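Chains as they are written, first to last, in the numbering used here: chain A, 1119 to 1382; chain B, 1119 to 1382.
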């Protein structure tokens, strides 16, 4: 009995990545947020990788090098995408599955359909495919000088919660968005569904100095979802939104319909 | 009445893209497959974009140019990802939503978890986000010399079916995989769910001529799913697999659990 009591508690390994790159203020805020909760290892892109979605690098090899960016924290920059970073970290840095994988804190929102385009969330989803509980954090502020005070606080609360809870969910993945502004105005945390809200895109057509056309992606964000349990609703009403996310894309409702109605 | 009878039937517009690039044999097979079913417009990447997932290009502008690759077919090559191609086609080429968007035929499987990494399927998913019915086609043969005979035949059957059916599904998206080999051996079409099957990855670590490390992504495909309604099962048993796919990643089951169990 005495032996069991003095048994050293295993320190959880916390893998951190992002899509804004290893030098972004947001990832620094996330590292600060979880200090003391476990052994932190950072493997993050060496350059911005926003909008990379679930891209992986298969046509050329990856580079990875140790960087001294966070005091007292083992950190690496990687030439690949956020998803590459997670794969490489597990196989070549940690040599086992970490206890949790965190991604962010992203400079800018990843609610609604953005979950699909987001490198931040794709890294988290990748971890969950591997059976590593994961959380992606995003702050509704694109600025490089964004104030991460509230985001940091809520990130710590949620990471502690997941680390402490008995992990019954084999593939837990949470998409967390934090409203911009004074933390005192935030009303709390809301479990939400992904809103059907998206960018109505238009390309800005220009001509280069040689007269050849090129196109910039631009767009206006439109919320088509009237639901009150969505992430967009929660954020608009000053809640932190938490959407549990899955990688099984099967539309089971439609599957049933097609099984009944389609004959060849 | 006579007037109504002679009313000209609107020709459906069929947008075709892929992730292997505009010159790949697979996209040529798809163009051939749907000839006569509508007006075909091709907007496809100017280079291979496999594994690009749902990546979009936001950090730099896109180029697009008319190419003469398919006889009598309006076609463009684009410097962006498969998802970029769909967005650009709608806004700058067709100037409206096409009646259907087809992607492929991919050289290689996109069943199970591959749906998430696949540029082919991300292009189809992107169309469905926009409310355009879409189908992604993949042949279980990576070879550049793959025989697309069976794939072409089944692609035509499915496209005809979707074009003819009353579109009640606002966001129809199908992930279609076709077995390799003699079409006579294919038993038919099966509506499936996405198998939990994935690559167990390992990076091949090498040193360049200057002694610096680099890493190649490699992996072995493992099926963890014992289900008999999955795409992996169907393909193994020589069926064409059709998985209806959705872009709402919310894990509703877990959402319910967290709403009940999580208090802050």
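The beta carbon of each residue, even a glycine, is placed where N, CA and C say it ideally should be.
Note that the structure is predicted; figures quoted are calculated from it, not measured.
- Whose C-beta lies closer than 8 Å to the C-beta of residue 1171(A) among residues of the same chain, with five residues either side of it excluded? Residue numbering aside, residue 1171(A) sits at position 53 when the first chain is read from its first letter. Around residue 1171(A): 1234, 1235, 1236, 1237 and 1240.
- Task: Let me know if residue 1316(B) comes out buried or exposed under the rule of 16 or more other beta-carbons within 10 Å of its beta-carbon.
- Result: Looking up residue 1316(B) in the second chain gives position 198. Residue 1316(B) should be labelled buried.
- Message: Tell me which residues of the segment 1172–1186 of chain B have at least one Cβ-Cβ distance to chain A shorter than 8 Å, keeping chain order.
- Response: 1172, 1173, 1174, 1175, 1176, 1177, 1179, 1180, 1181 and 1182
- Length at least 3, wholly inside the segment 1252–1282 of chain B: the beta strand (DSSP E) runs in chain order: 1252–1257
- Task: Name, going along the chain, the residues of the segment 1354–1371 of chain A whose beta-carbon falls closer than 8 Å to a beta-carbon of chain B.
- Result: Residues of the segment 1354–1371 of chain A with a C-beta less than 8 Å from any C-beta of chain B: 1360, 1361, 1362, 1363, 1364, 1365, 1366, 1367, 1368, 1369 and 1370, listed in chain order.
- Task: Compute the distance between the beta-carbons of residue 1224(A) and residue 1300(A), then report whether it is under 9 Å.
- Result: Position 106 of the first chain, counting from 1, holds the residue named residue 1224(A). Position 182 of the first chain, counting from 1, holds the residue named residue 1300(A). No, these two residues do not count as a Cβ contact at 9 Å.
- Query: For the segment 1321–1336 of chain B against the segment 1279–1290 of chain B, are there 3 or more C-beta pairs whose distance is under 8 Å?
  - Reply: No: fewer than three Cβ pairs fall under 8 Å.
- Query: Any residues in the segment 1191–1213 of chain A with a beta carbon nearer than 7 Å to a beta carbon of chain B? Which ones, in chain order?
  - Reply: 1205, 1206, 1209 and 1210
- Item | Helix, strand or coil at residue 1166(A) according to DSSP, with G and I counted as helix | In the first chain, counting from the first residue as 1, residue 1166(A) sits at position 48. Coil at residue 1166(A), not helix or strand.
- Message: For residue 1128(A), would you say it is in contact with chain B, using Cβ-to-Cβ distances shorter than 9 Å as the test?
- Response: The residue labelled residue 1128(A) in the question sits at position 10 within the first chain. Judged by the 9 Å Cβ criterion, residue 1128(A) is not in contact with chain B.
- Query: Of all the residues that make up the segment 1290–1319 of chain A, which are near chain B by a beta-carbon distance shorter than 7 Å?
  - Reply: 1306, 1307, 1309, 1311, 1312, 1316 and 1319
- Quick one: is residue 1169(A) near chain B, going by C-beta distance under 9 Å? Locating residue 1169(A) in the first chain gives position 51, where the first residue counts as 1. For residue 1169(A), the answer is yes, since a Cβ of chain B falls inside 9 Å of its Cβ.
- Query: Could one say the Cβ of residue 1221(A) lies closer than 9 Å to chain B's Cβ atoms, at least one of them?
  - Reply: Residue numbering aside, residue 1221(A) sits at position 103 when the first chain is read from its first letter. It does not; no Cβ of chain B falls within 9 Å.
- Can you grab the Cα-Cα spacing for the pair residue 1177(B) / residue 1337(B), in whole Å? The count along the second chain starts at 1 and reaches residue 1177(B) at position 59. The count along the second chain starts at 1 and reaches residue 1337(B) at position 219. The alpha-carbon atoms of residue 1177(B) and residue 1337(B) are separated by roughly 30 Å.
- Since residue 1077(B) contacts residue 1290(B) with CB under 8 Å, what's their CB separation in whole angstroms? A query on residue 1077(B) cannot be resolved here, the shown segment of chain B reaching from 1119 to 1382 and no further.
- Query: For residue 1249(A), which three-state DSSP category applies?
  - Reply: As a position in the first chain, residue 1249(A) is number 131, starting the count at 1. Residue state, collapsed to three classes: coil.
- Message: Pull the bridge partners of residue 1321(A) from the DSSP assignment, please.
- Response: To locate residue 1321(A), count along the first chain from 1; it is residue 203. Answer is 1335(A), bridged to residue 1321(A).
- Pairwise C-alpha distance: residue 1258(A) and residue 1167(B): Within the second chain, the letter at position 49 stands for residue 1167(B). Within the first chain, the letter at position 140 stands for residue 1258(A). Approximately 30 Å, taken between the alpha carbons.
- Helix, strand or coil for residue 1199(A) per DSSP? The residue labelled residue 1199(A) in the question sits at position 81 within the first chain. Coil, per DSSP.
- Query: Can residue 1200(A) and residue 1147(A) be called in contact, C-beta distance under 9 Å?
  - Reply: The count along the first chain starts at 1 and reaches residue 1200(A) at position 82. The count along the first chain starts at 1 and reaches residue 1147(A) at position 29. Taking 9 Å as the Cβ cut-off, residue 1200(A) and residue 1147(A) do not qualify as a contacting pair.
- Closer than 9 Å to chain B by CB, residue 1166(A): Stepping through the first chain from its first residue, residue 1166(A) is reached at position 48. Chain B, which has a Cβ nearer than 9 Å to the Cβ of residue 1166(A), makes this yes.
- May I ask you to report which of helix, strand or coil DSSP gives residue 1432(A)? Any answer about residue 1432(A) is impossible in this case: the structure gives chain A only from 1119 up to 1382.
- Message: Residues in the same chain with beta-carbon distance under 6 Å from residue 1245(A), minus the five sequence neighbours each way, listed in chain order, please.
- Response: Here residue 1245(A) refers to the residue found at position 127 of the first chain. Only 1204, 1219 and 1252 meet the Cβ criterion.
- Item | Closer than 9 Å to chain A by CB, residue 1275(B) | Counting from 1 along the second chain, the entry for residue 1275(B) is found at position 157. Chain A contact via Cβ: present.
- Query: Closer than 8 Å, Cβ to any Cβ of chain A: which residues of the segment 1225–1246 of chain B, in chain order?
  - Reply: For the segment 1225–1246 of chain B, which is checked against every Cβ of chain A, the residues closer than 8 Å are 1231, 1233, 1234, 1235, 1240 and 1243.
- Message: Considering just the uninterrupted stretch of the alpha helix (DSSP H) at residue 1135(B), what are its terminal residues?
- Response: The sequence position of residue 1135(B) within the second chain is 17, counting from 1. Note, residue 1135(B): premise wrong, no alpha helix (DSSP H); beta strand (DSSP E) at 1131–1135.
- Message: For residue 1079(B), count the other beta carbons within 10 Å of its own beta carbon; 16 or more makes it buried, fewer makes it exposed. Which is it?
- Response: One cannot answer for residue 1079(B) here, as it falls past the ends of chain B, which runs 1119 to 1382.
- Tell me, please, whether the segment 1265–1277 of chain B touches the segment 1152–1161 of chain B by the rule of three or more beta-carbon pairs shorter than 8 Å. yes
- Query: Taking the Cβ atom as the reference point for each residue, do residue 1195(B) and residue 1222(B) lie within a distance shorter than 9 Å?
  - Reply: For this step, residue 1195(B) is matched to residue 77 along the second chain. For this step, residue 1222(B) is matched to residue 104 along the second chain. No, they are not a contact pair.
- Query: Given residue 1164(B), which residues of its chain have a CB within under 7 Å of its CB, disregarding the five upstream and five downstream residues?
  - Reply: What you label residue 1164(B) is simply residue 46 of the second chain in a count that begins at 1. Answer for residue 1164(B): 1139, 1140, 1195, 1196 and 1197, listed in chain order.
- Compare the C-beta of residue 1338(B) against all C-beta atoms of chain A and say whether one is closer than 9 Å. As a working note, residue 1338(B) is residue 220 in the second chain. Taking Cβ atoms only, chain A never reaches closer than 9 Å to residue 1338(B), which makes this a no.
- Does the beta-carbon of residue 1217(A) have 16 or more other beta-carbons within 10 angstroms, so that it is buried, or is it exposed? As a position in the first chain, residue 1217(A) is number 99, starting the count at 1. Counting Cβ neighbours within 10 Å, residue 1217(A) comes out buried, since at least 16 surround it.
- Task: Return the bridge partner residues of residue 1186(B) from the DSSP annotation.
- Result: Residue numbering aside, residue 1186(B) sits at position 68 when the second chain is read from its first letter. Beta-bridge pairing links residue 1186(B) to no other residue.
- Excluding the 5 residues preceding and the 5 following residue 1322(A) in the sequence, name in chain order all residues of the same chain whose CB lies nearer than 6 Å to its CB. What you label residue 1322(A) is simply residue 204 of the first chain in a count that begins at 1. Correct list, in chain order: 1334 and 1336.
- Task: Go ahead and label residue 1372(B) buried or exposed: buried means 16 or more other beta carbons lie within 10 angstroms of its beta carbon, across all protein chains shown.
- Result: Along the second chain, one-based indexing puts residue 1372(B) at 254. It is buried - the Cβ of residue 1372(B) has at least 16 other Cβ atoms within 10 Å.
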